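Here is the structure we will look at.
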Amino acid sequence: MSLFNRIKKAFTGEDPLVADQAQTAEEKEDQIVFDKYDKGVEKTRRSFSDRMNELFAGFREVDEDFFDDLEEVLISSDVGFDMTLALSDALREEVQLKNARSGEDVKNTIIQKMIEIYDKGGQADVAIVENPDGPTVVLFVGVNGVGKTTTIGKMAYQLKQEGKKVLLAAGDTFRAGAVAQLEEWGKRVDVPVVVGRPNGDPASVVFDAVKQAKTEDFDYLLVDTAGRLQNKVNLMAELEKMKRVIEREIPGGPHETLLVLDATTGQNALIQAKEFDQTVDITGLVLTKLDGTAKGGVIFAIRYELDIPVKFIGLGEQLDDLQAFDAEAFIYQLVKDVVEV
Numbered sequence: 022m023s024l025f026n027r028i029k030k031a032f033t034g035e036d037p038l039v040a041d042q043a044q045t046a047e048e049k050e051d052q053i054v055f056d057k058y059d060k061g062v063e064k065t066r067r068s069f070s071d072r073m074n075e076l077f078a079g080f081r082e083v084d085e086d087f088f089d090d091l092e093e094v095l096i097s098s099d100v101g102f103d104m105t106l107a108l109s110d111a112l113r114e115e116v117q118l119k120n121a122r123s124g125e126d127v128k129n130t131i132i133q134k135m136i137e138i139y140d141k142g143g144q145a146d147v148a149i150v151e152n153p154d155g156p157t158v159v160l161f162v163g164v165n166g167v168g169k170t171t172t173i174g175k176m177a178y179q180l181k182q183e184g185k186k187v188l189l190a191a192g193d194t195f196r197a198g199a200v201a202q203l204e205e206w207g208k209r210v211d212v213p214v215v216v217g218r219p220n221g222d223p224a225s226v227v228f229d230a231v232k233q234a235k236t237e238d239f240d241y242l243l244v245d246t247a248g249r250l251q252n253k254v255n256l257m258a259e260l261e262k263m264k265r266v267i268e269r270e271i272p273g274g275p276h277e278t279l280l281v282l283d284a285t286t287g288q289n290a291l292i293q294a295k296e297f298d299q300t301v302d303i304t305g306l307v308l309t310k311l312d313g314t315a316k317g318g319v320i321f322a323i324r325y326e327l328d329i330p331v332k333f334i335g336l337g338e339q340l341d342d343l344q345a346f347d348a349e350a351f352i353y354q355l356v357k358d359v360v361e362v
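Per my numbering, the sequence shown runs over residues 22 to 362.
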């Protein structure tokens with residue numbers, strides 16, 4: 022079933038998550054996650070729905086003025102310039118085919134095309150790639166201040182709640198604050214942290230961490246890294262050295278390289294993603310602070326322009342507010358005040 026049809030099913034009440042039906046224990050757990058999305062996407066939903074509903078309040082016909090206004094709404098909603106043009110072109114085609122005439126038809130078509138464009142090529146797998154033969158190694162990259170260390174701490178907590186044995190590595194050796202913050206998270210969630218000497222070689226920290234992860238049978242090794250983009254050559258060399266150390270000790274590692282982005286920065290997050298994508302082999306994204314911004318539409322821009330899967334999103338400050346990304350829940354919560362598909 023396509024993403025559009027699954028969301029349509031939710032709107033019609035056939036989905037137990039949004040219908041008043043008796044729920045199994047698994048469905049109740051899903052409902053908790055669904056409610057987190059409801060609250061976490063609220064600012065983005067309110068901003069997007071207000072703009073869209075205002076646009077259609079005075080709808081008369083689909084002409085060039087309408088397309089100009091629509092493109093302005095989409096760009097201001099942070100869905101990105103390229104995806105805005107793709108949506109506009111898709112709507113023009115439907116209008117020419119006379120599939121969209123009334124305001125409600127046009128509104129439906131816009132939402133449908135947003136979903137279809139996001140869903141291009143099918144749903145990406147958001148699950149962390151696991152190593153069946155030893156520790157699963159996850160590298161976290163991103164500029165300073167995006168919530169990278171907090172993300173590592175929350176993920177460590179959640180993995181531990183699942184019964185996993187987790188080790189952290191403080192690979193940002195040039196910033197004392199980063200090491201101290203990771204150590205604090207280690208204490209908070211009760212997981213050990215491997216720390217090197219100040220301004221030391223990050224690869225040596227990773228080497229020690231990998232050795233410990235192997236000899237003490239850890240399930241996961243989560244590695245913090247430096248957040249500098251000013252010198253891409255140095256950053257790439259540093260990360261490549263870390264990767265070589267990991268690969269030598271654990272074939273196939275690192276199993277994930279996750280780029281952490283701050284959703285509150287909107288299109289700047291897209292720019293950062295592009296810059297890191299040129300330097301590092303990114304396997305997935307973590308979008309933090311989504312609950313504190315109206316700029317969540319950047320998820321569409323990143324998906325359209327880079328096709329890197331969003332694997333986790335931050336929906337609040339609690340330990341369990343880091344959630345695996347559910348495109349169906351996100352898009353449903355985003356558009357539910359705009360239209361019933």
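We treat Cβ as the ideally placed atom computed from N, Cα and C, and that holds for glycine.
All figures in this text were calculated on a predicted structure; none of them were measured in a lab.
Do residue i and residue j have their C-beta atoms closer together than 8 angstroms?
| i | j | result |
| --- | --- | --- |
| G335 | K310 | yes |
| L279 | V254 | no |
| T132 | V356 | Looking at the sequence provided, one finds Ile at residue 132 rather than Thr. Cβ atoms of I132 and V356: closer than 8 angstroms. |
| D99 | Q293 | no |
| V331 | L291 | no |
| V127 | L112 | yes |
| V62 | F297 | no |
| V167 | Q344 | no |
| T304 | E277 | yes |
| V266 | V227 | yes |
| D342 | K57 | yes |
| L203 | T246 | no |
| V359 | M135 | no |
| E103 | E349 | Strictly speaking, residue 103 in this sequence is Asp, with Glu absent from that position. No; because the gap between Cβ atoms is not below 8 angstroms, this pair is not in contact. |
| L256 | T285 | no |
| L76 | D86 | no |
Within 10 angstroms of the Cβ of residue i, are there 16 or more other Cβ atoms? Answer buried if so, exposed if not.
| i | result |
| --- | --- |
| R67 | exposed |
| I149 | buried |
| T45 | exposed |
| I323 | buried |
| L118 | exposed |
| V362 | For V362, the pLDDT reaches just 44, beneath the cut-off of 50, and the residue's location in the model is therefore unreliable, although a value from the coordinates is still provided. Buried: at least 16 other Cβ atoms inside 10 Å. |
| K295 | exposed |
| D302 | exposed |
| Q354 | buried |
| A258 | exposed |
| E205 | exposed |
| T236 | exposed |
| D347 | buried |
| G248 | buried |
| A177 | buried |
| G101 | buried |
| A230 | buried |
| K370 | The shown model of the chain, from 22 to 362, leaves out residue 370, and the question about it has no answer. |
| P275 | buried |
| D312 | buried |
| A234 | buried |
Which one or two residues does DSSP pair with residue i in a beta bridge?
| i | result |
| --- | --- |
| I149 | Per DSSP, none; premise fails for I149. |
| D245 | F161, A191 |
| E92 | Its beta-bridge partners do not exist; DSSP assigns none. |
| V215 | A190 |
| Q344 | I334 |
| D283 | T309 |
| T278 | L160 |
Tell me, to the nearest whole angstrom, how far the beta carbon of residue i is from that of residue j; I am working on the premise that it is less than 8 angstroms.
| i | j | result |
| --- | --- | --- |
| L282 | G163 | 7 angstroms |
| A191 | V200 | 4 angstroms |
| G174 | V147 | Not really, about 20 angstroms apart at Cβ, beyond 8 angstroms. |
| S70 | F88 | Wrong, their Cβ atoms sit about 20 angstroms apart, outside the cutoff. |
| E115 | T105 | Rounded, the Cβ-Cβ distance is 16 angstroms, inconsistent with contact. |
### Query
With contact counted as at least three CB pairs below 8 angstroms, one residue from each stretch, are the segment 215 to 229 and the segment 183 to 203 in contact?
yes
### Query
Do the segment 227 to 242 and the segment 265 to 273 touch if we need at least three Cβ pairs shorter than 8 angstroms?
yes
### Message
Measuring CB atoms only, is the segment 212 to 221 touching the segment 154 to 169, in the sense that at least three cross pairs come out at less than 8 angstroms?
### Response
no
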